[in-house]
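J.: Take this structure, written in structure tokens, and hold onto it; I'll ask about it next.
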Amino acid sequence: MNARAQVFEVDDDIEAVFEFTYDKGWTDGLPVIPATPARVDRMLATVDREPGEVVANLAPARLEATVEKIAVCAVMAGCRPEYFPVVLAAVEAVADPAYELYGVNTTTNPTVPMIIINGPLRNTLDVNCSWSVLGPNKRANATIGRALSLAMINLAGRIPEVTCKGTWKNPGGFTLCAGEYEEESPWEPLHVERGFSPTDSTVTLMTPASCFNIVDTESQAAEELLQNICGGMLGSGGNNVFPFYGLGEYALMLSPGHARLLATRFNKQQIREFLLENLKVPVSYVSPRRVKMMEAAGHGQIENGHVRYAAHAWQFLIFVAGGLGGYHSAGFTTFGDSRPITRRIPAAAGNE
Amino acid sequence: MQLRGIPTVAVVTEKFVSLAKASAKALGYPDLPMIVVPHPFETLPAEAIREIADQKVHELVAKSVLRAIAAPR
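Chain order of the listed sequences is W and F.
The first sequence begins at 1 in this note's numbering and counts up one residue at a time.
The second sequence begins at 353 in this note's numbering and counts up one residue at a time.
Listed below in structure tokens is the structure:
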């Protein structure tokens, strides 16, 4: 058990609070909601956990991230109390050793955590799965992602230059949270594919280095659309291929329109297998030094004069989100050997 | 390695010293000895790396021996 969070006295003025919290290094550079004990208690009331319980020792600082301190981050981020079980599940997910949080938070790569929310809770909490998803709009997406980011700053000790050696950072580092548009997906939802029940609500955490648009406005058949999606992923800039590291996953966020057309011919596994086979460039696109390094890595990515972007079909994580009738999907690259982690969000007061 | 009880000296490039110190401290070894080498390191030609190794090897051996002597038996 860890000591309860410390209380500081600040003038009852919104700018004074911003200056104080910014000077303390507790913010992401944007104003935060003052985490008063009453506000923190309202978060804590949504979970059946002791405030002093140590949820994780988050890398690199490995400070004790207690339930209460995570609640402080959620308040500062602007979360409604009923979002807190989602934030807590997200923190537990990134603490899974397979997520490799030390690498995520300290690498020179621009990678940051991304949250994908599945299950009935999306609708209860008004999580955006549709138009302008990942953009600045819905409070649930904006503040749940931000709460995780503030936990990285305050509880994992992700401090630029000192511990975080990110050369630049994905702007999704402020907040990066999407819901899957399950109602408009022709396939089973991501969390069901990953072993959960359709009635469960979950968070899936991955760690994209960057996000890129994949446009197709003209395809009339699934085959041509998939060919263009594959082409759209060529410039992904992932560490998998450029230069050679590891076996991390790509994420492919298909818009409902693209997903519907693809589903006339393909299931998700067939899409993954197509990408595995066809997402490749001639070795002449890559320097000889890099080719040599990729060969030495031993993942079998150099084959018949081509550099493959992945070594296994499971390296493509697929979910559906975006506005209806849209022509744009999105790809996300991994930074390396971080595995996506899915965790169930326990039902909580107000979220039944 | 240090966590497994093997007395360890870390070799770190100069741009990563702050992270190495913070990480060692977080894992309970605030006094973990370090050898600092120039940055970038991995893009240097092999001869340049060998030259740095020659310069640093005495420091490395000295710190390793001290670390081993100080290690609990």
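Don't be surprised by glycine CBs; every beta carbon is placed ideally from N, CA and C.
All values derive from a computational prediction rather than experimental measurement.
Measure the C-alpha to C-alpha separation of lysine 165 of chain W and phenylalanine 316 of chain W and round it to an integer number of angstroms.
T.: One C-alpha to the other measures close to 27 Å.
J.: Just checking my contact of alanine 374 of chain F with threonine 167 of chain W at CB under 8 Å: how many whole Å lie between their CB atoms?
T.: Incorrect: roughly 18 Å between the Cβ atoms, too far for contact.
J.: Listing by chain order, which chain F residues have their CB less than 7 Å from the CB of alanine 61 of chain W?
T.: In chain order: Ala374, Ala378.
J.: Figure out for me which residue from W:Gln269, W:Arg139, W:Ala156, W:Ala90 has the closest Cα to the Cα of aspartate 126 of chain W.
T.: The option with the nearest alpha carbon to aspartate 126 of chain W is W:Arg139.
J.: Rounded C-beta distance between phenylalanine 319 of chain W and alanine 209 of chain W? I'm assuming under 8 Å.
T.: At roughly 18 Å, the Cβ-Cβ gap does not stay under 8 Å, so phenylalanine 319 of chain W and alanine 209 of chain W are not in contact.
J.: Between phenylalanine 368 of chain F and chain A, is the shortest Cβ-Cβ distance under 8 Å, so that the two count as touching?
T.: You won't find chain A in this structure, because its protein chains are W and F.
J.: So, for threonine 360 of chain F: in the same chain, excluding its five sequence neighbours on each side, which residues have a beta-carbon less than 6 Å away from its beta-carbon?
T.: Met353, Gln354.
J.: Under three-state DSSP, which class holds phenylalanine 316 of chain W?
T.: Three-state result, phenylalanine 316 of chain W: strand.
J.: Taking the alpha-carbon of glutamate 403 of chain F as reference, which of F:Gly357, F:Val389, F:Arg419 has the nearest alpha-carbon?
T.: Ranking the options by Cα distance to glutamate 403 of chain F, first place goes to F:Val389.
J.: How would you label asparagine 304 of chain W, buried or exposed, when you count the other beta carbons within 10 angstroms and need 16 or more for buried?
T.: Asparagine 304 of chain W should be labelled exposed.
J.: What is the DSSP secondary structure of glycine 179 of chain W, counted as helix, strand or coil?
T.: If DSSP states are grouped into helix, strand and coil, glycine 179 of chain W belongs with the strands.
J.: Identify the continuous alpha helix (DSSP H) that holds tyrosine 206 of chain W and give its terminal residues.
T.: Position check: residue 206 of chain W holds methionine in this sequence, whereas tyrosine was assumed. It is not in any alpha helix (DSSP H) - methionine 206 of chain W instead sits in the beta strand (DSSP E) that spans 202-206.
J.: Can you tell me whether proline 198 of chain W is buried or exposed? The criterion is at least 16 other CB atoms within 10 Å of its CB, across all chains shown.
T.: When all chains shown are included, proline 198 of chain W counts as exposed.
J.: Taking a cut of 9 Å between CB atoms, which residues from the segment 142-162 of chain W lie near chain F?
T.: Cβ contacts with chain F come from Gly157, Ile159, Glu161, Val162.
J.: Can you name the residues that DSSP bridges to phenylalanine 353 of chain W?
T.: This structure does not reach residue 353 of chain W, given that chain W is present from 1 up to 352, and the question cannot be answered.
J.: Do aspartate 200 of chain W and glycine 119 of chain W have their beta-carbon atoms positioned less than 8 Å apart in this structure?
T.: Yes, these two residues count as a Cβ contact at 8 Å.
J.: Would you mind telling me which residues of chain F sit closer than 7 Å to threonine 106 of chain W, beta carbon to beta carbon, in chain order?
T.: The answer, in chain order, is Leu371.
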